[in-house]
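A quick write-up on the structure given underneath.
Numbering (the working numbering), first residue to last: 807 to 1174.
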């Protein structure tokens, strides 16, 4: 890593030669400005207003613009010659607990490396002193034309320095704070705590920049002549939260589902807690079992019992049908016998009448 500043740490009467390197780097994708008509690069050139010509970097210096517009030139040599004790020194002014430093003040981070073998012993001494005291060092240093505030702490086996904003550079929160008349109920706080517990912790090393990856995929697709894939539609949250409790409950359930922790029992317990009754969870059958399983009325019945019942009903129905047929045949036979007996009786009566008529008629011989 290339050093951006060389100097020393002033630790009382101890001076530790160090080199300052950037502790962070940016992975953001930068773009160039182009002319939409022909794709030509758009460049900004530096022109002198008085001479109306482009000037080089060596011809450009610094100047302070006064309130009336007057420009007061200031050279780098004049700035370097200022009697500032921190011009080439990181001067430690105090050691304080880390909680005393407001994270809002933290700015760019740097690593401080020992510059040479003679600096190794005092460097390690300061590092171990910071570790044992569990404090951070507050220091003043000058970098890039201005004096700044810094905080020194130990990261692994290296002393790191965070540039700090001056206290008067932190804006007040008076105009940003919400209305003080708003109150929060204990139940809402309980749900918020449950949501925090459900989300749990995260390993920061596992987090990554999704937007940068999407931009890289887009550029790679266009460079190879392919059409970029359509991005999935992002879900937009509602503009206004009408029911804070419902939103919190829904957030807790969604967080549990995303972590695979939501179960049917938990859903039943939540419903029972809201109604004040204990809830019984019944597992839902699959579609296949729902089609094949017999319907249960008034209690649970096994499949074998249902089959036996169905068989008994079939036998009873068949028996009743046979009995009905037999009764019908018997009735038909009885009716036929009655008809035959009636015909026989009628024939006998007719024969008796004929016989009586013959006896009542006189013979022809007697009359002669």
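All C-beta atoms, glycine included, are put in the ideal place defined by N, C-alpha and C.
Within the segment 884 to 967, the runs of alpha helix (DSSP H) at least 4 residues long that lie entirely inside it are, in chain order, 926 to 939. Look at residue 1064 here: in three-state DSSP terms it is helix. Residue 984 sits in coil when the DSSP states are folded into three classes, being neither helix nor strand. Check the Cα spacing between residue 855 and each of 866, 846 and 848: the tightest is with 866.
Non-local beta-carbon contacts of residue 988 in its own chain, meaning distances under 7 Å to residues more than five positions away in sequence, are absent.
By the criterion of a C-beta distance shorter than 7 Å, residue 869 is surrounded in its chain by 877, 878, 879 and 880, once the five residues flanking it on both sides are discounted. In this structure, residue 1025 keeps its C-beta atom at 9 Å or more from the C-beta atom of residue 815. Residue pairing from DSSP places residue 821 in a beta bridge opposite 816. Inclusion of residue 958 and residue 936 in the CB contact set at 9 Å is warranted, their separation being smaller than that value. Under the three-pair Cβ rule at 8 Å, the segment 936 to 950 does not count as touching the segment 839 to 858.
Secondary structure of residue 1031 (DSSP, three-state): coil. Bounds of the beta strand (DSSP E) holding residue 877 are 877 to 880.
Nearest Cα to residue 918 within the set 895, 904 and 908: 895.
Pairing residue 1018 with residue 833 gives a Cβ-Cβ distance under 9 Å.
Within its own chain, the residues whose Cβ lies closer than 6 Å to the Cβ of residue 967, once the five positions on either side in sequence are excluded, are 916, 918, 956 and 958, listed in chain order. For residue 1021, the three-state secondary structure derived from DSSP is helix. Check the Cα spacing between residue 922 and each of 821, 1062 and 1059: the tightest is with 821. Residue 910 has its alpha-carbon roughly 30 Å from the corresponding atom of residue 889. In chain order, 941 place their CB closer than 7 Å to the CB of residue 903, counting only its own chain and leaving out the 5 sequence neighbours on each side. Exclusion of the five residues before and after residue 994 leaves 1050, 1051 and 1054 as the residues of its chain whose Cβ lies within less than 7 Å of its Cβ.
Boundaries of the alpha helix (DSSP H) around residue 1000: 992 to 1005.
For residue 851, DSSP assigns no beta-bridge partner whatsoever.
By the 16-neighbour rule on beta-carbons within 10 angstroms, residue 1013 is exposed. Counted as a single uninterrupted DSSP element, the beta strand (DSSP E) harbouring residue 871 occupies residues 868 to 871. Spatial neighbours of residue 1061 in its own chain (CB-CB distance under 6 Å, excluding positions within 5 residues in sequence) are listed in chain order as 1004 and 1005. For residue 971, the secondary structure class from DSSP, reduced to helix, strand or coil, is coil.
Proximity to residue 813 across 906, 914, 835 and 920 peaks at 920, based on C-alpha coordinates.
For residue 860, same chain residues with a beta-carbon under 6 Å away, outside a window of 5 residues either side, are 851 and 853 in chain order. The C-alpha of residue 885 lies about 16 Å from the C-alpha of residue 811.
Between residue 913 and residue 969, the gap from beta carbon to beta carbon is short of 9 Å.
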